[in-house]
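Sequential numbering of the sequence shown, starting at 509, is according to the numbering used here. A quick write-up on the structure given underneath.
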Amino acid sequence: MPVRKGAPALLSAGTLCAALLLTACASPAPPAPAPTSAPASGDSRPAPGPPAGDGLASAPAPARRIPGVGPGTQAHVPDATTQAFVVTGADADSNTATATLYRRDPARGWTEVAGPWPARNALQGWTSDHTAGDLRSPIGVFRLGDAGGRLPDPGARLPYDQDEEFDISGTGFMGEPLGGSFDHVIAIDYNRVPGRTPLDKERPLGDEKGGGVWIHVDHGGPTQACVALEREALRELLRALDPAAEPVVVMGPASELAR
509 MPVRKGAPAL
519 LSAGTLCAAL
529 LLTACASPAP
539 PAPAPTSAPA
549 SGDSRPAPGP
559 PAGDGLASAP
569 APARRIPGVG
579 PGTQAHVPDA
589 TTQAFVVTGA
599 DADSNTATAT
609 LYRRDPARGW
619 TEVAGPWPAR
629 NALQGWTSDH
639 TAGDLRSPIG
649 VFRLGDAGGR
659 LPDPGARLPY
669 DQDEEFDISG
679 TGFMGEPLGG
689 SFDHVIAIDY
699 NRVPGRTPLD
709 KERPLGDEKG
719 GGVWIHVDHG
729 GPTQACVALE
739 REALRELLRA
749 LDPAAEPVVV
759 MGPASELAR
């Protein structure tokens, strides 16, 4: 497979992210109230009012954190990232989730731009220490830099590798057919070499830590470790993700993401 320049590898714990705080103008302050007491005898000056100001108040600060994401999780989102795809499960054992794409706007902070969409994850839910075959999806913040699929590129801005090797057959955990699941995929940078096709099998952390964790087409049941979206939602996501925005996926149960 060709090697392409992509995003950096899996984010490590302890990475700090400085939050950007912006302010804007609001409406003028209300007029000062009239004095309630008379001036002192022999002093013709009016009683002092409130301190003079510029008549302007600060508007609410833009959202410094992604909705539903706490300071600990937000700290792993790189400074330069302006797109975040958030996949939130109800609890650690849930294999269904909600997925939403957010964009960081200079004036408004993090705002929703696509979704929310129904999503699926691994059969047994989530884990912060993923291993091969545990049937849990890894929790964390991971870069998104490479895409591909059996079908032609639907208009992705990420590098896209069309290849017949994305074909899949068989049945899933619910007896559902798996055919078409990899018609379009986005590689999650968990235990992989960024900049390569999602089909690449090199595992920098070792085979025992799993790999091949993708966002792919929903086949109607839980996954091995991946995140699955309905076909049209995935195609919309592929067209929206911009390499210049250094997109990431933020994934896990709601209680973990809120830390």
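All residues carry an ideal CB built from backbone N, CA and C; glycine is no exception. Nothing here was measured: the structure is a model prediction, and the numbers come from that model.
By DSSP's assignment, Gln582 forms no beta bridge with any residue.
Arg651 is bridged by DSSP to Val756.
Runs of the beta strand (DSSP E) lying entirely within the segment 710-750, each at least 3 residues long, are 722-725, 735-737 in chain order.
Around the beta carbon of Ala615, a 10 Å sphere encloses fewer than 16 other beta carbons of the protein chains shown; the residue is thus reported as exposed. Under the three-state reduction of DSSP, Glu620 is assigned to strand. The C-alpha of Asp675 lies about 44 Å from the C-alpha of Pro570. Looking at the DSSP output, Leu609 shares a beta bridge with Phe593, Ala622.
Less than 9 Å separates the beta-carbon of Thr608 from that of Trp625. The count of Cβ pairs closer than 8 Å, one atom from the segment 580-597 and one from the segment 733-752, reaches three, so the stretches are in contact.
Ranked by Cα distance from Met759, the first of Arg747, Asn629, Val621, Glu620 is Asn629.
Taking 9 Å as the cut-off, the beta carbon of Gly688 is found closer than this to the beta carbon of Val725. Residue range 693-696 is occupied by the beta strand (DSSP E) that includes Ala695. In this model, Leu643 and Leu749 are separated by some 27 Å (Cα to Cα).
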